[in-house]
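Novice:
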Amino acid sequence: MSNFTTLDWLWAGAFLFLMLGGAFFFYRLARRSESDFFLAGRGLPWWLPASSVFSTHTATDTPMWMTGVIYAHGLRGLWYTFFAAWTAIASFVSARIFRRSLAYTQAEWQVIRFDGLGSELLRGWIAGWQVFMNMFILGWVGMAMGKVGNLAFDWPLWVGLVVPTVLTAIYTMAAGYWGVVMGDFLQGIVAIFAIVLVSLVGVYAVGPHGAVAERLIDMGEQWRLDPFAFTGWFTGDFPVAWWLTMLVIAVVGGFGMGTSIDWYVEAQRIQSAKSVRDASYGLWAGGAITLVRNGFWAAGILAFFVLLPGISSAAEYELGWFRLGFGLLPAGLVGVFFGAILAIHLSTISSHLNLGALYVTRDLFQRYLKPDADERTLVWVGRAATLVLLIGSFFYGLMMEEITQWLIFALWLMMAGIWLPNILQVVWWRFNAWGYLSAWMANLGVAWLVVWVLPAFGVIPPLPDYVQFWVLMGLGALVFVPATLLTPAERMDHLVRYYVMTRPLGWWGPVHREAVRRGVISERRTAANNGRRPIIQRRWTAEAAEEWTREDWIAIVLSPVVFALFMIGVTKLILGQPAGLMLTLLGIALAVLIYWIIDPKLRAVSHEYEAKQAGYLDELEQKLKWEATPGGGGV
Amino acid sequence: MEKGLVTLIGMSIAYLASLLGMGFAYWAWRRRRKHDGEGEGTS
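So the protein lines, in turn, are chains X and G. Numbering (our numbering) for the first sequence: 1215 to 1849. Numbering (our numbering) for the second sequence: 4 to 46.
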């Protein structure tokens, strides 16, 4: 890059040294145990998982994808990025349930939620899938860095793909999740600074406050300022039906586990938090910052559109945000910008290296090969698995020529056919391992048929994306509903143990009644049954806080609204539109209200649960090592 | 590379990785059943 000076190289080098050095600092903590290497000892305050959620969500390919949808669709493209809002409801539902299960991974959770051979097959299936998926994500993120290196320095693509990833792998192997999460904290600060800076510089390059909006109106492109610029109910490239489908996928998906590809990464952050409350706030804050970030990006990308309208090649305009940074920042600050790009890249790479290694170590090696492996061996297996993932990711990276194409491939595969089963496994006691496994197996084949094979041979016309989603969901249901109902429910002993440990939301009546009959929990006697109950209850006993009440539902309903207000409000605020400030302030007020309502309850739940956690962990370790767990009524 | 072919390759690898994981789980489950003797273990 022509304007990259010695000072810029010094800045970039300093950032790299800080980020790598900071992560190495935790080497001694990581080597203590498997729990330290993969979960930082389950002792993190909420703001560390929160910064890690944000940093991991922010990869080198993210600004490319953001630029792609905003450049093509204007502010209505923000809704494509709203899938991160799954964290809004998940923070108060599935995160709470998953944290209480104490499972290291989503695969491990299968043998806690389900029982018998079916649960084992599911664990192996998901572990295999996740090893693939983490390599795949590493490949596409690495290739995005290759493109940036090519744009900025004319490096061959393989240099950006290989060199930063290898540097990241070194500290990830040494310091494990401790290095990942502490690195994410530092990298998150650098990244958010650069995102805000470049977006503001881009917006003010167009003109003084409000100039982007004025120029768009002059260009006859004012529809780009409207997040609700629909093209009809079912017609055009942004119909209402597509918007509603995206909202359902993102928001309602928060009730389930695995409804987004990010779920698997955040599961590790949820489990590394020191309490249920910290897990909830960590996920919520991480999701909220991510959507605020989208607001800054969207404003900057609209400015890029005003500066350079009419680019028709997606491969060209998806580099728009990087072109803003490298093109507009003065010498000295370009180095800071490049340091931030490295930060964005390192945080995502380190997370996926460690997560993929976790599935190999915990779900394949320890569970199936060597259940009695000592902690030292497990840490070394984790390091070796990190290396294997690193090499595998290079293979995938070199296969990928078009970032967006692969991203869509991954998202559709993950979401369409198993979206509903991911929710059912959380909320419906009767849903069993065979139903869930059949949904997974059918999903891959059905997605391939409906999306590519049948249209290619003219059997069906190419379907709009939102129609594909509902068709795939319906076809999947034709498989998993009979598979569930034609096979037995999980053993009641197993379900009662799971129910008492996690207290899930939804249709768990028969299991609840059995748990009451066995005397392991008491009958519901809170909430609506108590005539003297205040509208918002703020004093909770641990037992009463276990129930799902109207306080939870208020948080569940308001939380996605807050996320949408943040995302749109910040965008309009940066663009100088009057509604921006009002929407942002309304979002802040509602966020404070949610905290006021839910915090006393989360404190009560956390306090009680953390007291029991040590006992539950012992039981879980026994289960992990294939020892018989106690049958009968006890938990 | 053509989109359909890329997708086919990606899908095949995804299938293979998941099936390998599941096969591995089944092998370990069978081994454990043999080790524990008939009638014991996870249902």
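Positions of the beta carbon are idealized from the N, C-alpha and C atoms, including for glycine.
Is the Cβ of G40(G) closer than 8 Å to any Cβ of chain X?
Specialist: Not flagged as an interface residue toward chain X: G40(G), since no C-beta distance is shorter than 8 Å.
Novice: Quick check on L1414(X): does DSSP put it in helix, strand or coil?
Specialist: helix
Novice: For A1557(X), which residues of its own chain have a beta-carbon under 7 Å away from its beta-carbon, when the five flanking residues on both sides are left out?
Specialist: F1229, M1233, Q1401, V1404 and A1405
Novice: Using the rule of at least 16 other Cβ atoms within 10 Å of the residue's Cβ for burial, across every protein chain shown, is G40(G) buried or exposed?
Specialist: With fewer than 16 Cβ atoms within 10 Å of its Cβ, G40(G) is classed as exposed.
Novice: Provide the residue span of the alpha helix (DSSP H) that contains T1785(X), from first to last.
Specialist: For T1785(X), the enclosing alpha helix (DSSP H) stretches over residues R1764 to I1788.
Novice: Just to confirm my understanding: we take V1412(X), look at its own chain, exclude 5 residues before and 5 after, and list those with CB closer than 8 Å. What are they?
Specialist: G1514, W1535, L1538, G1539, L1542, L1543 and F1551
Novice: Which residues mark the beginning and the end of the alpha helix (DSSP H) in which I1750(X) is found?
Specialist: Premise fails: I1750(X) is in no alpha helix (DSSP H) and is neither H nor E.
Novice: Kindly list the residues whose CB is nearer than 8 Å to the CB of W1648(X), restricted to its own chain and excluding five residues on each side of it in sequence; keep chain order.
Specialist: G1332, A1697, T1698 and T1701
Novice: Taking Cβ to Cβ, would you say T1857(X) is nearer than 8 Å to V1355(X)?
Specialist: Look at the range of chain X in this structure, 1215 to 1849, and you will see that residue 1857(X) is not part of it.
Novice: Can you give me the Cβ contacts of A1729(X) inside the same chain, cut-off strictly under 8 Å, excluding the 5 residues immediately before and after it?
Specialist: V1710, Y1713, V1714 and I1735
Novice: Taking a Cβ distance cut-off of 7 Å, strictly less, list which residues of the segment 1321 to 1348 of chain X are near chain G, in chain order.
Specialist: D1329, G1330, L1331, E1334, L1335, R1337, G1338, W1339, A1341, G1342, W1343, V1345 and F1346
Novice: Just the Cα atoms here: how many angstroms apart are G1690(X) and K1786(X)?
Specialist: 40 Å
Novice: Which first and last residues belong to the alpha helix (DSSP H) in which I1484(X) is found?
Specialist: D1476 to S1486
Novice: Of all Cβ atoms in chain G, is any one closer than 8 Å to the Cβ of Y1582(X)?
Specialist: yes
Novice: So does the segment 1808 to 1822 of chain X actually touch the segment 1754 to 1766 of chain X, counting three or more Cβ pairs closer than 8 Å?
Specialist: Yes: at least three Cβ pairs fall under 8 Å.
Novice: Which chain G residues are close to L1578(X), counting only those with a beta carbon under 8 Å from its beta carbon?
Specialist: G24 and F27
Novice: For a cutoff of 8 Å on Cβ pairs, would you count L1658(X) as touching chain G?
Specialist: Closer than 8 Å to some Cβ of chain G, the Cβ of L1658(X) qualifies, so yes.
Novice: Let me see if you follow: with CB-CB separation under 8 Å, is G1829(X) close to chain G or not?
Specialist: At a cut-off of 8 Å between beta carbons, G1829(X) makes no contact with chain G.
Novice: Quick one: complete alpha helix (DSSP H) runs, 4+ long, within the segment 1415 to 1454 of chain X?
Specialist: 1425 to 1432
Novice: CA-CA distance, A1388(X) and A1244(X)?
Specialist: A1388(X) and A1244(X): Cα-Cα distance of roughly 8 Å.
Novice: Give the straight-line distance between the Cα atoms of K37(G) and G1723(X), rounded to the nearest whole angstrom.
Specialist: Rounded to whole angstroms, the gap between the alpha carbons of K37(G) and G1723(X) is 37 Å.
Novice: Would the segment 1303 to 1311 of chain X count as touching the segment 1483 to 1499 of chain X if we require 3 or more Cβ pairs under 8 Å?
Specialist: yes
Novice: Rounded to whole angstroms, what's the CA-CA distance from W1339(X) to L22(G)? Just pull it up for me.
Specialist: Cα to Cα, the separation comes out at about 6 Å.
Novice: At what residues does the alpha helix (DSSP H) containing M1706(X) begin and finish?
Specialist: It spans M1706 to T1716 - the alpha helix (DSSP H) in which M1706(X) sits, taken as one unbroken run.
Novice: I1384(X): which of V1426(X), N1568(X) and R1483(X) sits nearest, CA to CA?
Specialist: N1568(X)
Novice: Alpha carbon to alpha carbon, how far is R1747(X) from V1641(X)?
Specialist: 26 Å
Novice: Name the residue from G1470(X), L1458(X), G1720(X) and F1407(X) whose alpha carbon lies nearest to the alpha carbon of F1442(X).
Specialist: L1458(X)
Novice: Exposed or buried, which one is H1423(X) when buried takes at least 16 other CB atoms within 10 Å?
Specialist: That one is exposed.
Novice: Return the chain-ordered ranges of every alpha helix (DSSP H) run that is complete within the segment 1349 to 1423 of chain X and spans a minimum of 4 residues.
Specialist: 1371 to 1420
Novice: Can you say whether M1357(X) is buried or exposed, counting buried as having 16 or more other CB atoms within 10 angstroms of its CB?
Specialist: buried
Novice: Between R1429(X) and V1520(X), which are expected to be in contact by the criterion C-beta below 8 Å, what is the C-beta distance as a whole number of angstroms?
Specialist: 5 Å
Novice: Measure the alpha-carbon distance for G1829(X) versus A1571(X) and round it to whole angstroms.
Specialist: 27 Å
Novice: Hey, S1652(X) and M1471(X): beta-carbon distance below 8 Å or not?
Specialist: no
Novice: Would I1406(X) pass as an interface residue toward chain C - the criterion being a Cβ-Cβ separation below 8 Å?
Specialist: Among the protein chains of the structure shown, namely X and G, there is no chain C.
Novice: Can you find a CB in chain X that lies within less than 8 Å of the CB of K37(G)?
Specialist: Put simply, the CB of K37(G) is far from chain X, with every gap to its CB atoms at 8 Å or more.
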